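Student: Numbering (this note's numbering), first residue to last: 1154 to 1431.
Here it is as structure tokens:
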């Protein structure tokens, strides 16, 4: 059994050994940074997209699909950005570089991430957030650390799942026992290594260790609550996946009380979860 300690330095070396993650570092991360910058231009965004032939082809395929009902074929990324909008571009970029890997390695995790993103968008709207799509992006990425752990430490992941099942505890607690960290922290470190914005990396890192005093506490609170709700709504999940405890402080930070919690959860249980086009 591999007993390599998990820390930022170790993870950075492991990531560098996997060149197939280059499109995340070189494309997805810059796109997130550009779309978060109010002074950025379409030309800057297009320049980054055009460096990635796979993403360029995917965007052109989507915009020219029958879904948009366009009469004339779109051949320009500039035109594509105008038609799809920056938020859609951001989602598709993440889907192309990160979620497709998640989908191929663990379909259950992929579905949970999409579900969490949709619930996070709903909760953020209820909590009067201004940019709810940014919250949805974090929801999509919040469990990416689980992909990283399974990629580099598959045997220890199996051990963590067995520990969770045998002891009836949430997976992230079992991971802390096996790895010394949980998938949230690993995901945050990974996205940090790829120069993702801090408001994303912090919320990913802390979604299982909510701290009301952290700088991005409100955004993290949304992801924490959405993650718990998504697991609660998916009661047919694997035996090793237990629903984590909801941090009461997360509700307070968002301005919700226990009655609101019941109403939100009831709404989520009735939600129709649409597939994500990636």
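Note that beta-carbon positions come from the ideal geometry of N, C-alpha and C, so glycine has one too.
Predicted, not measured: the structure shown is a model, and the values here were computed from it.
Which residues bound the alpha helix (DSSP H) around residue 1439?
Tutor: With the chain covering only 1154 through 1431, there is no way to say anything about residue 1439.
Student: On the CB-based measure, 16 or more other CB atoms within 10 Å of its CB, does residue 1294 come out buried or exposed?
Tutor: Along the chain shown, read from residue 1 onward, the residue named residue 1294 stands at position 141. With 16 or more Cβ atoms within 10 Å of its Cβ, residue 1294 is classed as buried.
Student: Would you grab the beta carbon distance between residue 1421 and residue 1272 for me? Rounded to a whole angstrom, and I think it's under 8 Å.
Tutor: On the chain shown, position 268 is the one that residue 1421 refers to. On the chain shown, position 119 is the one that residue 1272 refers to. Sure, about 6 Å apart at Cβ, within 8 Å.
Student: Please indicate yes or no: does the CB of residue 1409 lie closer than 6 Å to some heavy atom of the ligand ADP?
Tutor: The ligand content of the structure shown is nil, which means the ligand ADP is not present either.
Student: Since I believe residue 1301 is in contact with residue 1343 (beta carbons under 8 Å), could you give me their beta-carbon distance rounded to a whole number of angstroms?
Tutor: Looking up residue 1343 in the chain shown gives position 190. Looking up residue 1301 in the chain shown gives position 148. Correct: roughly 5 Å between the Cβ atoms.
Student: If we ignore side chains and look at the alpha-carbon of each, how far apart do residue 1400 and residue 1323 end up?
Tutor: Numbered from 1 along the chain shown, position 247 holds the residue referred to as residue 1400. Numbered from 1 along the chain shown, position 170 holds the residue referred to as residue 1323. For residue 1400 and residue 1323, the distance between alpha carbons rounds to 14 Å.
Student: Please classify residue 1211: is it buried, with 16 or more other beta-carbons within 10 angstroms of its beta-carbon, or exposed?
Tutor: Counting from 1 along the chain shown, the entry for residue 1211 is found at position 58. Residue 1211 comes out buried.
Student: Can the beta-carbon of residue 1291 be found closer than 7 Å to that of residue 1367?
Tutor: Mapped onto the chain shown, residue 1291 falls at position 138. Mapped onto the chain shown, residue 1367 falls at position 214. Taking 7 Å as the Cβ cut-off, residue 1291 and residue 1367 do not qualify as a contacting pair.
Student: Measure how close the beta-carbons of residue 1383 and residue 1258 come, nearest whole angstrom, since I'm counting them as under 8 Å.
Tutor: Taking the chain shown and counting its residues from 1, one reaches residue 1383 at position 230. Taking the chain shown and counting its residues from 1, one reaches residue 1258 at position 105. Their Cβ separation, rounded to whole angstroms, is 19 Å, which puts residue 1383 and residue 1258 out of contact at 8 Å.
Student: Looking at the secondary structure, which residues open and close the alpha helix (DSSP H) in which residue 1385 lies?
Tutor: Within the chain shown, the letter at position 232 stands for residue 1385. From DSSP, the alpha helix (DSSP H) with residue 1385 extends over 1370-1386.
Student: Taking buried to mean at least 16 other C-beta atoms within 10 Å of its own C-beta, is residue 1431 buried or exposed?
Tutor: The count along the chain shown starts at 1 and reaches residue 1431 at position 278. Confidence is the limiting factor: at residue 1431 the pLDDT is only 47, short of 50, which leaves the residue's position unreliable, though a coordinate-based value still follows. The residue in question, residue 1431, is buried, as its Cβ has 16 or more Cβ neighbours within 10 Å.
Student: When you compare the CB positions of residue 1203 and residue 1247, do they come within less than 7 Å of one another, or not?
Tutor: Here the question's residue 1203 lines up with position 50 in the chain shown. Here the question's residue 1247 lines up with position 94 in the chain shown. No, the Cβ-Cβ distance between residue 1203 and residue 1247 is not below 7 Å.
Student: Thinking just about the alpha-carbon of each residue, which of 1260, 1423, 1213 and 1265 is nearest to the one in residue 1241?
Tutor: In the chain shown, counting from the first residue as 1, residue 1241 sits at position 88. Per the Cα distances, 1213.
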